[in-house]
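Protein chains in written order, with numbering that gives the first Met the number 0: chain A, 0 to 391; chain B, 0 to 391; chain C, 0 to 391; chain D, 0 to 391. Accompanying notes for the structure given below.
Number of protein chains: 4
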Amino acid sequence: MLNGERKIARPLRWAMVGGGRTANVGYKHRQGAMRDNTAFQLVAGAFDIDAARGKDFGTNLGVDPDRCYPDYQTMFREEAKRPDGIEVVTVATPNSTHYEITKAALNAGLHVICEKPLFFEVAQGEEIKALAEARNKIVGVTYGFSGSQLMLQMREMVANGDLGEIRMVELQYTHGFNATDVGDKISEGQKWRVDPKIAGPSFVLGDLSTHTFYMSELICPQLKVRQVLCDRQSFIPSRAPLEDNAYVLIRYENGAVGRLWASSVNAGCMNGHRIRIIGSKASIEFSDHQPNELLYEVQGQPIQKMIRAMPYLYDACNADERLGALHAEGLIESWANIYLKFAIAIDAKNRGDEATLKNLVYPDIDAGIEGIRWVQNCVKSANAGGVWVDFN
Amino acid sequence: MLNGERKIARPLRWAMVGGGRTANVGYKHRQGAMRDNTAFQLVAGAFDIDAARGKDFGTNLGVDPDRCYPDYQTMFREEAKRPDGIEVVTVATPNSTHYEITKAALNAGLHVICEKPLFFEVAQGEEIKALAEARNKIVGVTYGFSGSQLMLQMREMVANGDLGEIRMVELQYTHGFNATDVGDKISEGQKWRVDPKIAGPSFVLGDLSTHTFYMSELICPQLKVRQVLCDRQSFIPSRAPLEDNAYVLIRYENGAVGRLWASSVNAGCMNGHRIRIIGSKASIEFSDHQPNELLYEVQGQPIQKMIRAMPYLYDACNADERLGALHAEGLIESWANIYLKFAIAIDAKNRGDEATLKNLVYPDIDAGIEGIRWVQNCVKSANAGGVWVDFN
Amino acid sequence: MLNGERKIARPLRWAMVGGGRTANVGYKHRQGAMRDNTAFQLVAGAFDIDAARGKDFGTNLGVDPDRCYPDYQTMFREEAKRPDGIEVVTVATPNSTHYEITKAALNAGLHVICEKPLFFEVAQGEEIKALAEARNKIVGVTYGFSGSQLMLQMREMVANGDLGEIRMVELQYTHGFNATDVGDKISEGQKWRVDPKIAGPSFVLGDLSTHTFYMSELICPQLKVRQVLCDRQSFIPSRAPLEDNAYVLIRYENGAVGRLWASSVNAGCMNGHRIRIIGSKASIEFSDHQPNELLYEVQGQPIQKMIRAMPYLYDACNADERLGALHAEGLIESWANIYLKFAIAIDAKNRGDEATLKNLVYPDIDAGIEGIRWVQNCVKSANAGGVWVDFN
Amino acid sequence: MLNGERKIARPLRWAMVGGGRTANVGYKHRQGAMRDNTAFQLVAGAFDIDAARGKDFGTNLGVDPDRCYPDYQTMFREEAKRPDGIEVVTVATPNSTHYEITKAALNAGLHVICEKPLFFEVAQGEEIKALAEARNKIVGVTYGFSGSQLMLQMREMVANGDLGEIRMVELQYTHGFNATDVGDKISEGQKWRVDPKIAGPSFVLGDLSTHTFYMSELICPQLKVRQVLCDRQSFIPSRAPLEDNAYVLIRYENGAVGRLWASSVNAGCMNGHRIRIIGSKASIEFSDHQPNELLYEVQGQPIQKMIRAMPYLYDACNADERLGALHAEGLIESWANIYLKFAIAIDAKNRGDEATLKNLVYPDIDAGIEGIRWVQNCVKSANAGGVWVDFN
């Protein structure tokens with residue numbers, strides 16, 4: 000059980016690019032990173048494209064005003080001069096900038112934590128992976144929903160055969176907040192998401208389903224995608240060619256199959272993620288609207304509702320427990336679990352502790368690359384008219 | 000509100016083919032038909048392929064032993080001789096016999112109520128439709144789940160624009176009772192369902208999804224299927240070529256899209272039908288595990304849970320109400336609603352009351368034919384490797 | 000599994016007093032009684048205080064117009080003259096008439112099925128019990144919610160120690176339909192319920208909580224009430240002295256305790272009955288809003304949701320199963336189970352089959368008397384200012 | 000919307016007494032206090048009765064080892080000598096020590112945040128209140144569940160008449176973790192809770208129901224308790240005279256009534272708090288098992304499920320929003336909201352800003368005293384045999 004005691008010798012000196020006052024996601028990064036104050040300390044930032052606003056914001060967070068920079072280039076350059084300069088940077092900027100900032104950070108000798116979707120092309124991912132290896136650095140990807148310890152419970156249940164052989168994977172990440180185009184016009188965070196120049200080749204596939212796809216890989220690492228078929232729509236025509244709704248069918252190598260539904264026009268839907276893994280004996284189901292529960296449905300037995308923190312869960316799950324039973328955890332605990340593992344990975348990397356790195360389960364550069372591959376293949380299928388494409 | 004008072008001048012003289020002691024579904028037909036004793040009276044039957052068992056069974060139901068027949072041919076022939084002979088017959092036998100029994104019944108001057116899937120080929124459906132018209136008879140199809148008055152609530156909400164323009168149709172009818180092949184070997188009712196000679200070209204597509212597809216047509220009559228794509232699996236290999244799991248993607252003519260999932264290997268799933276209709280403003284969702292509720296989710300408003308029998312529902316819904324609020328209805332009320340409409344249709348047909356027939360919403364021969372068409376197209380797509388096929 | 004086959008040699012000739020066109024509950028009696036047409040046949044009735052309306056109504060139900068009587072006295076007298084006269088009568092009239100009609104029916108040689116609350120005083124119940132015994136007749140009470148087979152599952156679980164020693168009984172039967180006094184003024188069925196001359200000494204205690212109290216006795220027959228304390232309110236002042244809300248605390252002889260809440264002013268509440276039985280090891284919980292489920296919560300284990308019809312339920316539960324899994328049952332199946340047991344009890348009584356009678360679990364005259372006792376003691380406590388009173 | 004930007008000029012220098020490695024609740028205090036690092040900084044502590052363990056623990060949290068003290072007396076004395084000494088201390092120790100530590104802290108010039116139940120006697124509360132006023136200091140009480148912004152939504156709905164006139168208050172805080180006495184023997188945190196010398200005059204009334212009672216006062220400040228009646232039990236006999244289960248009936252001055260159920264032997268119950276407020280028009284209901292939802296049930300309308308963060312909630316609610324819709328918050332956000340208000344109160348007190356203090360809604364010394372009063376009156380009633388006692 001986690002209680003805030005340090006897991007690494009000292010907190011890492013950490014900075015953010017983006018994630019300023021108007022960015023909703025920035026708070027999640029900071030809360031995840033600084034949850035226990037023993038893994039990361041926020042010491043610098045280029046928080047905002049508006050430099051003055053970014054400086055004011057950083058100051059209000061308690062960052063030294065002198066270390067609130069107008070842009071990432073300045074930050075990387077100036078921090079490199081300090082004996083107490085930053086060691087790791089989070090990239091929480093629009094999609095189209097991830098690649099260049101990540102590359103610059105690695106070249107500046109920093110570990111990197113980057114928002115999803117990581118980049119636009121698998122080749123970029125491979126290049127950055129090689130660079131990170133050459134620089135002996137970690138690149139982590141903030142699939143922020145995947146940190147719930149119930150994901151690990153699901154992973155353990157699958158690994159232990161509690162479900163029998165896995166036959167189906169049912170994935171959904173949908174909401175209805177873009178049912179109209181109002182946000183496209185007035186929300187800073189939404190505007191760029193439907194602009195292909197900034198968002199890349201997809202809207203909901205990249206913005207939403209990369210999370211869900213990673214969670215399916217986390218839970219069922221043995222399943223390898225063989226083919227996908229994607230049909231995508233732009234119900235708000237001005238979003239075309241970017242989709243606001245996408246259906247994907249999946250064929251895995253071993254004969255298992257799956258479906259994924261990503262949507263921002265599922266009007267009225269408020270339960271976001273829904274994941275169901277179906278085996279020959281039983282199914283498990285998770286919804287992030289109730290992140291403290293897991294349904295375990297064994298065919299022919301009463302439906303079981305497993306509750307977070309209970310001793311009947313696997314040790315690998317309860318290792319990330321913080322609050323104990325009856326005490327609801329939420330999304331920030333999920334982010335905190337991921338950020339803590341980033342810290343442990345960075346510390347291990349710094350110390351050359353490959354054993355720790357090998358056993359640590361977290362969204363690393365490979366997970367980021369798989370997310371790019373997912374989007375690329377889905378878009379390829381959709382653009383070809385919704386046909387089966389080999390996953391590669 | 001229905002309270003059992005007669006809707007037609009006198010109850011119809013009714014018989015069953017099949018639906019005997021070992022047939023689970025027979026009880027549902029009888030309960031639906033005789034719910035109020037003012038629409039149908041069970042006066043004869045060829046209940047069982049085992050004639051002695053069928054006679055004993057019918058007698059125990061209160062049928063005159065002399066009118067418990069060894070087979071449908073004898074029944075049709077002998078009843079035709081009686082002044083008080085049967086007027087309508089229900090066909091509750093395995094799929095492969097529906098066509099011949101229905102045809103024989105029509106030729107014997109009877110109205111027919113038949114189990115789904117109606118027949119195997121659209122051409123058969125068209126032939127029977129012509130025959131029924133020539134004989135001035137009704138053919139109804141027991142899509143037994145579609146009689147819930149909340150289906151009519153959904154239909155009214157769609158018609159009245161409460162959801163905005165319909166964009167997506169999400170259909171699911173799944174369970175896990177065939178997750179293993181135990182039932183295939185020991186259950187009479189399951190054995191023939193996985194035998195192509197008796198079940199026809201599909202297992203779950205015909206046995207399950209015809210219900211759900213009809214419900215989608217009932218709720219959204221304005222949507223016309225343009226193309227379907229089906230990927231089907233036989234997770235129990237001995238079931239091949241019949242599928243125990245099927246995924247279908249749907250493209251409607253107006254740009255709406257949909258998905259359907261039919262499965263009998265969704266291990267542990269106990270909630271059967273799930274229907275969600277998504278519009279540009281709101282969604283509605285129904286699950287037959289809780290047939291007394293309807294979710295109405297307007298984007299940007301609190302989620303609304305509508306409860307059966309409440310005055311805020313549309314009149315067309317509450318017209319089929321029986322018990323009043325706080326008093327749960329179940330599947331039999333759904334069957335009873337359908338059977339009552341069959342009776343009203345038959346009575347109107349007998350009286351030549353075309354106005355009543357025109358306005359009556361119930362699963363008629365056209366609904367049966369559409370169900371055949373659905374299965375045919377899905378199987379065609381699946382057999383071609385899971386490709387888009389035009390729906391015709 | 001019940002499939003409609005006869006449980007007694009022939010259906011009983013049955014009549015109703017009350018339950019006419021304007022009475023919501025009449026339909027439930029008829030549907031419960033005639034569910035299978037092999038237990039009861041409706042052959043006569045004094046359905047309505049408005050004789051012409053009652054005759055029209057009965058005729059519409061298929062009753063011979065000559066056997067639609069203007070009042071119960073006429074019916075009892077005339078039917079006694081017929082060789083095919085009625086054998087059993089249901090009393091579905093306002094509370095204040097139960098005693099005299101039941102007495103008259105027994106004296107007319109009829110078995111009686113009576114609405115709750117049976118009478119107003121325990122002494123009346125004892126008198127009628129003696130009369131019924133003298134006449135060799137059954138008096139049943141329609142605690143209509145208690146017939147769900149999941150009640151028997153709960154009873155078996157308690158008896159088998161699945162919960163450990165029972166510590167607490169949590170009872171609730173509340174709704175909000177009388178949150179205002181509109182119904183008191185315009186609804187026939189509600190007007191008399193708040194008139195002490197007709198309703199008796201209580202409103203919700205008698206109208207609602209007698210059901211729930213019986214269910215607690217059915218589930219936990221070993222618990223004997225030692226003391227009760229009741230605080231009751233009339234939130235609509237014109238209802239005083241009758242309560243529209245009542246809290247009861249219960250002390251059982253063995254140290255167990257309980258609570259009951261009856262209310263018709265629980266604004267917006269749509270889930271009616273809620274029963275939770277808490278033992279030293281586990282709890283079970285039932286809500287009639289979802290009558291196909293039972294929660295089984297073993298301390299330290301995943302919460303179990305048991306689903307009606309599944310083989311893991313006790314045989315005593317599944318003996319009353321009709322539809323099978325995935326097929327929702329509702330309130331009418333509950334009534335049908337009770338009515339079928341009334342028929343079996345009457346048939347056994349007629350045949351002098353005491354062994355069957357002894358083992359048959361159904362709401363008999365003793366259950367009716369206990370309901371009267373419950374209301375009397377609660378009212379006594381409340382009228383004394385909400386103090387503990389010995390239960391006798 | 001809260002995003003971590005400072006609400007006061009600089010973070011307060013904060014210490015803890017108790018809350019060490021073996022104390023589950025300590026983590027909640029730290030996470031609540033340090034959520035944003037702009038309100039509190041943990042700079043010292045007397046974390047553990049085992050001084051060495053406490054020092055090791057504090058060091059692992061990043062506290063200067065020299066400021067990890069063996070006991071609170073030493074800490075208060077030594078910190079007072081430092082120019083950067085602590086300003087506020089949290090008391091997270093067993094109940095019997097709250098009074099003396101709080102008194103010592105105030106006398107040492109510190110603001111105090113204390114665990115519930117505050118003390119054992121109202122007189123102690125009044126004394127400390129006077130002392131705090133004399134010293135110009137804040138005393139806050141960590142009713143940790145009350146910080147959810149949905150509490151404020153409920154408060155606003157009541158204040159705005161959305162429910163009509165409040166008639167009933169239904170309160171429950173129950174679990175089953177003490178269904179057996181295993182924990183009484185082996186758990187440090189449980190041992191003292193059933194020891195009257197340390198726990199005080201009650202177990203679950205003080206440990207659980209003080210939270211719930213405060214929440215009812217927060218939501219319905221206009222309701223004043225007139226009388227209570229409490230029946231309490233010790234199902235595990237060794238716990239007597241302390242109760243592991245308690246039922247309370249409440250009469251408010253204006254005619255409203257209520258119930259409270261506190262229990263640690265509600266076997267299998269995993270949903271902790273349940274609060275339902277019932278008005279003449281509508282009810283609202285909250286369960287902390289799903290702290291992101293609120294049921295709003297208007298009589299005669301569809302049940303509404305309100306979701307945290309949505310714009311339809313009152314501004315006073317959304318002012319404490321952090322994550323935005325679709326992103327689950329949990330218990331720590333509730334603690335963080337309370338701690339942030341403690342910080343704002345302390346800062347205002349330091350600045351003599353009475354206007355801010357007057358309008359700030361948080362669990363202050365008065366809330367603590369009311370909690371003591373609640374327990375005292377309930378115990379008085381129970382000890383007198385479960386009789387009505389005037390609330391004073």
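The C-beta atom is built at its ideal place from N, Cα and C for all residues, glycine as well.
If we ignore side chains and look at the alpha-carbon of each, how far apart do A/R275 and A/C268 end up? 17 angstroms
Taking Cβ-Cβ distances shorter than 9 angstroms, what residues in chain C pair up with D/C377? Near D/C377 there are no residues of chain C at all, since even the closest Cβ is about 14 angstroms away, more than 9 angstroms.
What did DSSP end up calling A/L222 once you bin it into helix, strand or coil? coil
In chain order, which continuous runs of the beta strand (DSSP E) of length 3 or greater are located wholly inside the segment 74-160 of chain D? 87-91, 110-113, 138-140
Just to confirm, is the Cβ distance from A/V88 to A/V62 under 8 angstroms? no
Under a Cβ-count criterion, where at least 16 other Cβ atoms within 10 Å of its own Cβ denotes burial, should B/M74 be classed as buried or exposed? Answer is buried; the Cβ neighbour count reaches 16.
Between which residues of its own chain and D/N265 is the CB-CB distance below 7 angstroms, once the five residues before and five after are set aside? T173, H174, G175
D/I364 versus D/I371 - alpha carbon distance: Computed Cα separation, rounded: 11 angstroms.
Counting only Cβ-Cβ distances shorter than 8 angstroms, please list the residues of the segment 298-312 of chain B near chain D, keeping chain order. G299, Q300, P301, I302, Q303, K304, M305, I306, M309, P310, Y311
As a quick exercise: from B/I306, B/I343, B/F202, B/A133, pick the residue whose alpha carbon is nearest that of B/L105. B/A133
Under 8 angstroms (Cβ pairs) to chain D, residues found in the segment 226-240 of chain C: L228, D230, Q232, F234
So who's on the other strand from D/G389, going by DSSP bridges? Before going on, a small fix: residue 389 of chain D reads as Asp here, not Gly. DSSP lists D/Q226 as partners of D/D389.
C/C219 and C/S380: beta carbons closer than 8 angstroms? no
Identify the continuous beta strand (DSSP E) that holds C/E169 and give its terminal residues. 165-173
Can you list, in chain order, the stretches of the beta strand (DSSP E) that have 3 or more residues and sit fully within the segment 250-311 of chain C? 256-262, 272-278, 281-286, 292-297, 302-306
State yes or no: is the beta carbon of C/L293 nearer than 8 angstroms to at least one beta carbon in chain D? no
Does any residue of chain B have a CB that is nearer than 8 angstroms to the CB of C/Q289? yes
Contact set between D/L170 and chain A, taken where Cβ atoms lie within less than 9 angstroms: Listed by position along chain A, the residues whose Cβ is nearer than 9 angstroms to that of D/L170 form an empty set, because the closest Cβ is around 16 angstroms away.
Run through DSSP, which three-state label would B/L330 get? Look at B/L330 here: in three-state DSSP terms it is helix.
Per-residue burial, C/Q148 [other beta carbons within 10 Å of its own, 16 or more giving buried]: buried
Exposed unless 16 or more other CB atoms sit within 10 angstroms - verdict on D/A366: Buried is the call here.
Please list, in chain order, all residues of the same chain as A/R34 whose beta carbon is under 6 angstroms from its beta carbon, the five residues on each side excluded. A335
Expected contact under 8 angstroms - CB spacing of B/L330 and C/A327 to nearest Å: 5 angstroms
Given that C/G188 touches chain B, what residues does it touch there, using C-beta distances under 7 angstroms? Those do not exist, as C/G188 stays about 10 angstroms from chain B at its closest Cβ, beyond 7 angstroms.
Which two residues bound the contiguous beta strand (DSSP E) that contains D/L322? Careful: D/L322 lies outside any beta strand (DSSP E) and carries neither H nor E.
In terms of alpha-carbon separation, which member of C/A79, C/R5, C/G3, C/A8 lies closest to C/A14? C/A79
For D/L293 and D/M153, believed in contact at Cβ under 8 angstroms, the rounded distance: With a beta-carbon spacing of about 7 angstroms, D/M153 and D/L293 fall inside the 8 angstroms limit used to define contacts.
If you run the structure through DSSP and keep just helix, strand and coil, what is B/R231? strand
Determine which residues share a DSSP beta bridge with D/Q40 and list them. D/R12
Which chain D residues sit within Cβ distance under 8 angstroms of A/N2? R20, G25, Y26
So, at 7 angstroms on beta carbons, what are the nonlocal neighbours of C/R273 in its own chain, with the 5 sequence-adjacent residues on each side left out? Result list for C/R273: Q171, S286, in chain order.
With a CB to CB cut of under 6 angstroms and the five nearest residues on each side skipped, what residues in its chain are close to D/A315? L151, E155
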